[in-house]
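Undergrad:
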Amino acid sequence: MMLQAVSDPLLKVENLVVEYSVGGKTIHAVSDVSLDIARGETLGLVGESGCGKSTLGRAVLQLRQAVSGKVLFDGHDLTELRGEALRRMRRRVQLIFQDPIASLNPRRRIGDIVAEPLVIAGVKDPEERRQRVNEVLSAVGLDPALVSGRLPHEFSGGQCQRICIARALVLNPEFVICDEPVSALDVSIRAQILNLLEEMKTRYGLTLLFIAHDLAVVKAVSDRVAVMYLGRLCEVGPSEQLFARPAHPYTALLIEAIPVPDPDVRPTQSIPVGEPPSPIAPPSGCRFRTRCPRADARCSSEVPELRLVAPGQLAACHHPLI
Amino acid sequence: MSGALLSVEDVAVDLPTPRGNLRAVDHVDLVVGAGKTLGIVGESGCGKTMLSRAILQLLPKKAKLSGRVMFDGQDLPALSAEKLRKLRGRSLAVVFQDPMTSLNPVLTIGTQLTETMQEHLELDLANARQRAIELLAAVGIPAPEQRLSQYPHQLSGGMRQRVAIAVALSCEPKLLIADEPTTALDVTIQAQILDLLAREQQRRHMAMIIITHDLGVVAGRTDEVAVMYAGRVVERAPTPSLFKQMRMPYTEALLAALPKLDAAPHTPLPAISGRPPDPTRPLKGCSFSPRCRYSAGRCGTEKPHLSAAEAPDHLYACFHPIAAGANA
Amino acid sequence: MATLELSLDETATAPAKRGRRLGTLFWVAIGWMLLVFAVAILADVLPLPSPTDMDMLERRAPFSVEHWLGTDGLGRDELARLIYGARISLIVGLCAPVIGLVFGGALGMLAGYFRGRFESIVVGSMDVLLAFPPLILALAVTAYLGQSIFNLTCILGVLGIPAFMRVARASTLTLARREFVIAAQALGASHARILLRELLPNVLLPLLAFFLLGVAVTIVVEGALSFLGLGVPPPISSWGSMIGEGRESLDVAPRLAFIPAIAMFLTVLSFNLIGDTMRALTDPRQGAL
Numbered sequence: 001m002m003l004q005a006v007s008d009p010l011l012k013v014e015n016l017v018v019e020y021s022v023g024g025k026t027i028h029a030v031s032d033v034s035l036d037i038a039r040g041e042t043l044g045l046v047g048e049s050g051c052g053k054s055t056l057g058r059a060v061l062q063l064r065q066a067v068s069g070k071v072l073f074d075g076h077d078l079t080e081l082r083g084e085a086l087r088r089m090r091r092r093v094q095l096i097f098q099d100p101i102a103s104l105n106p107r108r109r110i111g112d113i114v115a116e117p118l119v120i121a122g123v124k125d126p127e128e129r130r131q132r133v134n135e136v137l138s139a140v141g142l143d144p145a146l147v148s149g150r151l152p153h154e155f156s157g158g159q160c161q162r163i164c165i166a167r168a169l170v171l172n173p174e175f176v177i178c179d180e181p182v183s184a185l186d187v188s189i190r191a192q193i194l195n196l197l198e199e200m201k202t203r204y205g206l207t208l209l210f211i212a213h214d215l216a217v218v219k220a221v222s223d224r225v226a227v228m229y230l231g232r233l234c235e236v237g238p239s240e241q242l243f244a245r246p247a248h249p250y251t252a253l254l255i256e257a258i259p260v261p262d263p264d265v266r267p268t269q270s271i272p273v274g275e276p277p278s279p280i281a282p283p284s285g286c287r288f289r290t291r292c293p294r295a296d297a298r299c300s301s302e303v304p305e306l307r308l309v310a311p312g313q314l315a316a317c318h319h320p321l322i
Numbered sequence: 001m002s003g004a005l006l007s008v009e010d011v012a013v014d015l016p017t018p019r020g021n022l023r024a025v026d027h028v029d030l031v032v033g034a035g036k037t038l039g040i041v042g043e044s045g046c047g048k049t050m051l052s053r054a055i056l057q058l059l060p061k062k063a064k065l066s067g068r069v070m071f072d073g074q075d076l077p078a079l080s081a082e083k084l085r086k087l088r089g090r091s092l093a094v095v096f097q098d099p100m101t102s103l104n105p106v107l108t109i110g111t112q113l114t115e116t117m118q119e120h121l122e123l124d125l126a127n128a129r130q131r132a133i134e135l136l137a138a139v140g141i142p143a144p145e146q147r148l149s150q151y152p153h154q155l156s157g158g159m160r161q162r163v164a165i166a167v168a169l170s171c172e173p174k175l176l177i178a179d180e181p182t183t184a185l186d187v188t189i190q191a192q193i194l195d196l197l198a199r200e201q202q203r204r205h206m207a208m209i210i211i212t213h214d215l216g217v218v219a220g221r222t223d224e225v226a227v228m229y230a231g232r233v234v235e236r237a238p239t240p241s242l243f244k245q246m247r248m249p250y251t252e253a254l255l256a257a258l259p260k261l262d263a264a265p266h267t268p269l270p271a272i273s274g275r276p277p278d279p280t281r282p283l284k285g286c287s288f289s290p291r292c293r294y295s296a297g298r299c300g301t302e303k304p305h306l307s308a309a310e311a312p313d314h315l316y317a318c319f320h321p322i323a324a325g326a327n328a
Numbered sequence: 001m002a003t004l005e006l007s008l009d010e011t012a013t014a015p016a017k018r019g020r021r022l023g024t025l026f027w028v029a030i031g032w033m034l035l036v037f038a039v040a041i042l043a044d045v046l047p048l049p050s051p052t053d054m055d056m057l058e059r060r061a062p063f064s065v066e067h068w069l070g071t072d073g074l075g076r077d078e079l080a081r082l083i084y085g086a087r088i089s090l091i092v093g094l095c096a097p098v099i100g101l102v103f104g105g106a107l108g109m110l111a112g113y114f115r116g117r118f119e120s121i122v123v124g125s126m127d128v129l130l131a132f133p134p135l136i137l138a139l140a141v142t143a144y145l146g147q148s149i150f151n152l153t154c155i156l157g158v159l160g161i162p163a164f165m166r167v168a169r170a171s172t173l174t175l176a177r178r179e180f181v182i183a184a185q186a187l188g189a190s191h192a193r194i195l196l197r198e199l200l201p202n203v204l205l206p207l208l209a210f211f212l213l214g215v216a217v218t219i220v221v222e223g224a225l226s227f228l229g230l231g232v233p234p235p236i237s238s239w240g241s242m243i244g245e246g247r248e249s250l251d252v253a254p255r256l257a258f259i260p261a262i263a264m265f266l267t268v269l270s271f272n273l274i275g276d277t278m279r280a281l282t283d284p285r286q287g288a289l
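Chains as they are written, first to last, in my numbering: chain F, 1 to 322; chain E, 1 to 328; chain R, 1 to 289.
1. Whole angstroms are fine: how far does the CA of E/Ala207 sit from the CA of F/Leu253?
2. F/Gly141: which of F/Ile113, F/Gln192, F/Asp112, F/Leu151 sits nearest, CA to CA?
3. Consult DSSP for E/Val146 and reduce its assignment to one of helix, strand or coil.
4. Can you pull the chain E residues whose beta carbon is under 9 Å from the beta carbon of F/Ile165, in chain order?
5. R/Thr142 to R/Gly116, Cα distance in whole Å?
6. List, in chain order, every chain E residue whose beta-carbon is nearer than 7 Å to that of F/Pro217.
7. Considering only their Cβ atoms, is the gap separating R/Met109 from R/Thr172 smaller than 8 Å?
8. Does the beta-carbon distance from F/Ser284 to F/Thr42 come in below 8 Å?
9. Within 8 Å (strictly less), CB to CB, does F/Arg190 reach chain E?
10. May I ask you to report which of helix, strand or coil DSSP gives R/Ala43?
11. Can you give the Cα-Cα distance for F/Leu11 and F/Pro238, rounded to whole angstroms?
12. Got a sec? Which residues, its chain only, sit under 7 Å from E/Ala271 by beta carbon, not counting five neighbours each side?
13. Find the residues of chain F that neighbour R/Ala189, judging by a C-beta separation of less than 7 Å, and give them in chain order.
14. If we ignore side chains and look at the alpha-carbon of each, how far apart do F/Ala59 and F/Asp262 end up?
15. Spell out whether any CB of chain E is found under 8 Å from the CB atom of F/Val265.
16. So, is the C-beta of F/Glu48 closer than 8 Å to a C-beta in chain R?
17. Using Cβ-Cβ distances below 8 Å, what residues of the stretch 179 to 213 of chain F are close to chain E?
18. If the cut is a Cβ gap below 8 Å, which residues of chain E does F/Glu158 touch?
19. Using a Cβ-Cβ distance under 8 Å, would F/Leu10 count as near chain E?
20. Express the C-alpha separation of E/Cys286 and F/Ala310 in angstroms, rounding to a whole number.
21. Which of helix, strand or coil does DSSP assign to E/His314?
22. Drop a sphere of 10 angstroms on the beta-carbon of F/Phe288, count the other beta-carbons inside from all chains shown, and report buried for 16 or more, exposed for fewer.
23. Counting only Cβ pairs nearer than 7 Å, list the residues of chain R close to F/Ser103.
24. Which residues in the same chain have their Cβ closer than 7 Å to the Cβ of F/Gly40, if we skip the five residues on either side of it in sequence?
25. Could you list which residues in chain E have their beta carbon closer than 8 Å to that of F/Phe243, in chain order?
26. Looking at R/Trp239: is its Cβ nearer than 8 Å to the Cβ of R/Gly223?
27. Give the secondary structure of R/Phe150 by DSSP, where H, G and I count as helix, E and B as strand, and everything else as coil.
28. Buried or exposed: E/Lys61, going by 16 or more other Cβ atoms within 10 Å of its Cβ?
29. Which chain F residues are close to E/Leu255, counting only those with a beta carbon under 7 Å from its beta carbon?
30. Quick one: does F/Asp223 have its CB under 8 Å from some CB of chain E?
31. Report, in whole angstroms, the separation of the C-beta atoms of R/Val98 and R/Ala111, which I expect to be a contact under 8 Å.
32. Answer with buried or exposed for E/Gln146, where buried requires no fewer than 16 other C-beta atoms within 10 angstroms of its C-beta.
33. So with CB distances below 9 Å, who are the chain E contacts of F/Glu275?
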């Protein structure tokens with residue numbers, strides 16, 4: 001089922017299933033998700049909290065054990081790598097987190113934090129490390145001489161996120177997973193960080209998986225967007241096309257729910273009441289059917305497969321909008 | 001100022017910190033008419049939450065408040081603790097950002113709803129219960145009777161916020177303060193909660209203050225908007241004219257920094273450079289001037305006052321306002 | 001793209017200077033500790049009478065120029081015994097918690113980091129150790145191995161391991177879920193590196209604060225054991241054994257019990273005060289403001 005095959009994929013996720021138990025109950029966090037990310041592209045991954053988008057990001061890095069499925073990075077299946085081989089692959093993939101302050105060790109100096117990946121990778125020469133650290137710190141807009149000796153709590157959230165980006169870039173990775181990198185930041189800082197990520201992407205030739213719950217933010221940076229609901233992919237497509245003509249009713253709902261800063265756009269009262277069901281016992285068939293205005297008997301009995309609805313656009317729906 | 005339900009006059013809040021005095025709210029004036037909705041917009045640390053705490057008289061113990069807060073003809077800072085408590089439950093209600101912390105985790109939802117009504121409305125238990133069921137139904141909670149015996153942790157975040165709204169509405173308040181009511185919620189739930197607040201506000205003809213960092217939240221849902229920056233209100237206007245003819249460069253920059261749905265991917269965002277000033281080290285001039293692209297001349301040395309230049313209800317604090325109609 | 005905006009002044013103003021407001025109480029505590037440590041270390045060179053020389057003619061003598069704090073029931077100089085007793089109390093009080101800190105801390109960090117079966121085994125065995133009556137353990141060990149400072153230290157140290165384990169495990173559990181640890185894992189850091197570089201510096205502080213509390217508790221417990229005759233063997237004095245001996249003459253010379261009790265009280269109080277202040281001082285703040 002490689003419908004979404006892109007040319008030259010850097011990352012291929014195939015039928016990935018991630019489940020874990022909390023208090024004896026199994027959480028179906030990611031169910032049978034397949035995704036391709038082309039070299040040099042930014043794939044946006046959106047969904048509401050608890051839809052499994054962060055788990056998917058961590059499962060790619062093998063920080064979460066997959067139940068089944070493959071994660072092919074540049075042709076190597078990461079789920080089969082162990083120990084040193086996995087550690088070596090991980091250096092090519094980096095992660096940026098939502099809470100920039102929590103992702104920096106409060107007791108270590110910025111210079112050491114950013115140099116840490118180099119130490120782990122075995123760069124022995126301290127002078128070489130220092131040079132590389134200074135280079136990335138300058139690249140993210142921080143003055144190395146000013147920040148290196150300081151502790152994380154002396155910086156604001158936006159500055160800490162810059163430090164996190166510097167740490168992620170210090171090893172020259174090919175692929176960066178950004179897990180809600182701006183949702184903890186204020187509007188005026190958010191734009192700075194989004195611009196910085198775009199700039200870094202061009203400068204270092206990165207491929208990005210950009211995970212966020214805010215569609216407008218995702219659209220601003222992504223070439224393609226994937227929508228997730230309760231552990232399954234609903235829709236994947238080029239971002240402009242997906243926003244202009246969503247095929248899945250859930251995508252349409254998400255777009256409609258975004259508050260628009262324009263007093264003339266009267267908020268629609270058509271948002272269906274209801275909330276996502278629990279990932280412990282997801283609904284049968286299409287998982288969105290309990291909130292979907294178009295749901296019928298077929299939706300509860302048959303799991304919709306992702307299929308092509310428009311060039312490059314796939315949706316998993318029995319009754320797509322297009 | 002006829003019909004003003006709440007008027008905040010020259011309110012300032014000072015907080016002592018280890019780094020020196022922090023002026024959280026810097027001489028703010030606001031008026032909310034009965035049945036009207038005011039949006040207060042600002043980034044974290046701009047003083048919007050402290051301002052709401054000042055209105056509710058729920059400031060931290062160390063905080064110093066000056067100025068007057070007139071609510072329904074009474075000066076709140078001058079009231080006794082007992083009178084304030086009565087007022088807060090009855091005619092002045094609040095909904096917080098995190099419903100998990102505003103609801104008591106060890107009491108059932110029914111108890112939390114009926115207790116307030118029994119105390120403030122002097123209802124007996126049967127009537128209070130009946131009203132609680134009606135309220136839960138009104139805020140869109142399915143199977144309200146069964147919910148009464150549940151605890152907050154058994155509900156989802158959106159449902160908890162609905163319960164918190166039901167508690168706030170239970171005594172028919174004249175003013176509801178919603179402090180970031182949807183920040184902790186998902187987009188689809190946020191839309192539902194905002195719709196719910198708007199509907200209940202109209203039905204009960206109560207006044208409402210929505211505090212948020214998101215200009216999108218206030219755009220279609222308020223009568224008037226006040227934009228706060230570094231403790232001060234920097235622009236205040238009826239919602240349509242604020243969005244159509246904004247004069248304050250900060251408001252403009254804030255709106256421009258939001259990613260737009262209709263923009264093509266990879267469009268660079270006009271970011272506001274720098275970050276807000278340290279509130280313990282106030283600037284001599286306009287607080288926004290170091291980040292403002294129009295800053296010139298006296299901006300760095302003199303504080304602009306909030307004043308109305310052309311339209312009487314459109315106030316802004318800027319020496320170099322954006323020309324009217326420039327961004328229509 | 002205007003992203004290079006970090007100017008000099010904003011980072012320059014960021015750190016707030018702390019300290020200076022430690023309070024007089026803290027400095028009084030430090031002063032007392034310094035005094036106790038100094039006299040304990042210098043006991044042999046100080047012009048003191050021997051703490052074990054008995055003078056049966058001057059039993060329970062009052063304060064005098066010759067005996068500043070008088071003499072005890074066997075005519076030994078009370079001040080000398082108090083100072084030599086401080087040695088024992090401090091040696092036991094410092095060494096025993098070190099045993100707890102090292103073993104309990106290591107076990108707790110490993111349990112909190114690796115979780116799973118290892119954690120269950122560690123927690124389970126610590127519960128067994130906690131449930132074991134400490135007095136019986138002390139009795140058993142002194143009965144088999146004899147009364148000595150070394151044995152006493154070991155007993156108290158082992159008894160302290162569960163508490164240190166719990167503190168270390170609790171902080172490791174919360175820290176291991178923090179994103180900086182996940183970030184290190186994502187970077188491909190080894191377990192040893194994550195434990196030593198990322199977790200240890202953060203776990204060490206709560207452990208050290210608990211260590212000072214442990215010192216205070218150990219001094220008291222050592223006193224109690226010595227009071228019961230399970231502590232240091234006579235004629236060596238410790239504060240606990242001095243209180244125990246003074247008990248016999250509470251009616252005629254209550255000072256013999258009270259003077260070591262006051263010394264112990266002040267020392268324990270000082271350790272607690274210093275511990276609290278240190279914890280408050282070294283707590284890294286979570287945000288810039």
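In this text, a Cβ means the ideal position worked out from N, Cα and C, and glycines have one as well.
These figures come from a predicted structure and were not determined experimentally.
TA: Considering the structure as presented:
1. Reading the first sequence from its first residue, position 253 is the one you call residue 253 of chain F. Reading the second sequence from its first residue, position 207 is the one you call residue 207 of chain E. Going by the C-alpha atoms only, they are around 30 Å apart.
2. As a position in the first sequence, residue 141 of chain F is number 141, starting the count at 1. Looking at F/Ile113, F/Gln192, F/Asp112, F/Leu151, the one whose alpha-carbon comes closest to that of F/Gly141 is F/Gln192.
3. The sequence position of residue 146 of chain E within the second sequence is 146, counting from 1. The amino acid occupying residue 146 of chain E in the given sequence is Gln; Val does not appear at that position. Three-state result, E/Gln146: helix.
4. One-based indexing of the first sequence puts residue 165 of chain F at position 165. Going along chain E, no residue has its Cβ under 9 Å from F/Ile165, so there is no contact; the nearest lies around 15 Å.
5. Looking up residue 142 of chain R in the third sequence gives position 142. Looking up residue 116 of chain R in the third sequence gives position 116. Taking the straight line from one Cα to the other gives about 37 Å.
6. Residue mapping note: residue 217 of chain F aligns to position 217 of the first sequence, counting from 1. Here residue 217 of chain F turns out to be Val, not Pro, going by the sequence shown. Per Cβ cutoff of 7 Å: Pro259.
7. On the third sequence, position 172 is the one that residue 172 of chain R refers to. On the third sequence, position 109 is the one that residue 109 of chain R refers to. Result yes, Cβ atoms of R/Thr172 and R/Met109 sit closer than 8 Å.
8. Along the first sequence, one-based indexing puts residue 284 of chain F at 284. Along the first sequence, one-based indexing puts residue 42 of chain F at 42. One thing to note: F/Ser284 has its Cβ no nearer than 8 Å to the Cβ of F/Thr42.
9. Numbered from its first residue, the first sequence carries residue 190 of chain F at position 190. Judged by the 8 Å Cβ criterion, F/Arg190 is in contact with chain E.
10. Within the third sequence, numbered from 1, the residue matching residue 43 of chain R stands at position 43. Collapsing the DSSP output to three states places R/Ala43 in coil.
11. Here residue 11 of chain F corresponds to residue number 11 of the first sequence, with the count starting at 1. Here residue 238 of chain F corresponds to residue number 238 of the first sequence, with the count starting at 1. Whole-angstrom Cα-Cα distance: 17 Å.
12. Along the second sequence, one-based indexing puts residue 271 of chain E at 271. In its chain, beyond the 5 residues on either side, Ala257 have a beta carbon closer than 7 Å to the beta carbon of E/Ala271.
13. On the third sequence, residue 189 of chain R is found 189 positions in, with the first residue counted as 1. Result: Ile120.
14. Locating residue 59 of chain F in the first sequence gives position 59, where the first residue counts as 1. Locating residue 262 of chain F in the first sequence gives position 262, where the first residue counts as 1. Going by the C-alpha atoms only, they are around 39 Å apart.
15. For the purposes of this step, residue 265 of chain F is taken as residue 265 along the first sequence, with counting starting at 1. Taking a beta-carbon distance threshold of 8 Å, F/Val265 counts as an interface residue toward chain E.
16. Stepping through the first sequence from its first residue, residue 48 of chain F is reached at position 48. So no, F/Glu48 is outside the interface.
17. Correct list: Asp186, Val187, Ser188, Ile189, Arg190, Ala191, Gln192, Leu194, Asn195, Glu198, His213.
18. Start at 1 with the first residue of the first sequence, and residue 158 of chain F comes out as number 158. It should be noted that the sequence gives Gly, not Glu, for residue 158 of chain F. For F/Gly158, the residues of chain E that pass the 8 Å Cβ criterion are Arg275, in the order they occur in the chain.
19. For the purposes of this step, residue 10 of chain F is taken as residue 10 along the first sequence, with counting starting at 1. No, its Cβ sits nowhere closer than 8 Å to a Cβ of chain E.
20. As a position in the first sequence, residue 310 of chain F is number 310, starting the count at 1. As a position in the second sequence, residue 286 of chain E is number 286, starting the count at 1. If you draw a straight line from the Cα of F/Ala310 to the Cα of E/Cys286, it comes to about 52 Å.
21. Position 314 of the second sequence, counting from 1, holds the residue named residue 314 of chain E. E/His314: coil per DSSP, three-state reduction.
22. Your numbering for residue 288 of chain F matches position 288 in the first sequence. Per the 10 Å Cβ criterion, buried.
23. Working through the first sequence from its first residue, we reach residue 103 of chain F at position 103. Against chain R, the beta carbon of F/Ser103 has neighbours under 7 Å at Glu179, Phe180, Ala183, listed in chain order.
24. Numbered from its first residue, the first sequence carries residue 40 of chain F at position 40. Excluding sequence neighbours, F/Gly40 sits near Gly205, Thr207.
25. Taking the first residue of the first sequence as 1, we reach residue 243 of chain F at position 243. Taking the beta carbon of F/Phe243 as reference, the chain E residues within 8 Å of it are Leu261, listed in sequence order.
26. Taking the third sequence and counting its residues from 1, the one referred to as residue 239 of chain R is at position 239. Taking the third sequence and counting its residues from 1, the one referred to as residue 223 of chain R is at position 223. Result yes, Cβ atoms of R/Trp239 and R/Gly223 sit closer than 8 Å.
27. Taking the first residue of the third sequence as 1, we reach residue 150 of chain R at position 150. DSSP places R/Phe150 in helix when its eight states are reduced to three.
28. On the second sequence, residue 61 of chain E is found 61 positions in, with the first residue counted as 1. With a 10 Å radius around the Cβ and a threshold of 16 neighbouring Cβ atoms, E/Lys61 comes out exposed.
29. Along the second sequence, one-based indexing puts residue 255 of chain E at 255. Taking a Cβ-Cβ threshold of 7 Å, the residues of chain F close to E/Leu255 are Pro261, in chain order.
30. As a first step, residue 223 of chain F is located in the first sequence; it is residue number 223 there, counting from the start. Contact with chain E is found for F/Asp223, since one of that chain's Cβ atoms lies less than 8 Å from the residue's Cβ.
31. Start at 1 with the first residue of the third sequence, and residue 98 of chain R comes out as number 98. Start at 1 with the first residue of the third sequence, and residue 111 of chain R comes out as number 111. With 8 Å as the limit, R/Val98 and R/Ala111 do not qualify as a contact, their Cβ atoms being about 20 Å apart.
32. Counted from its first residue, the second sequence places residue 146 of chain E at position 146. Answer is exposed; the Cβ neighbour count stays below 16.
33. Looking up residue 275 of chain F in the first sequence gives position 275. Under the 9 Å cutoff, chain E gives Ser156, Gly157, Gly158, Met159, Asp186, Thr188, Ile189, Gln192.
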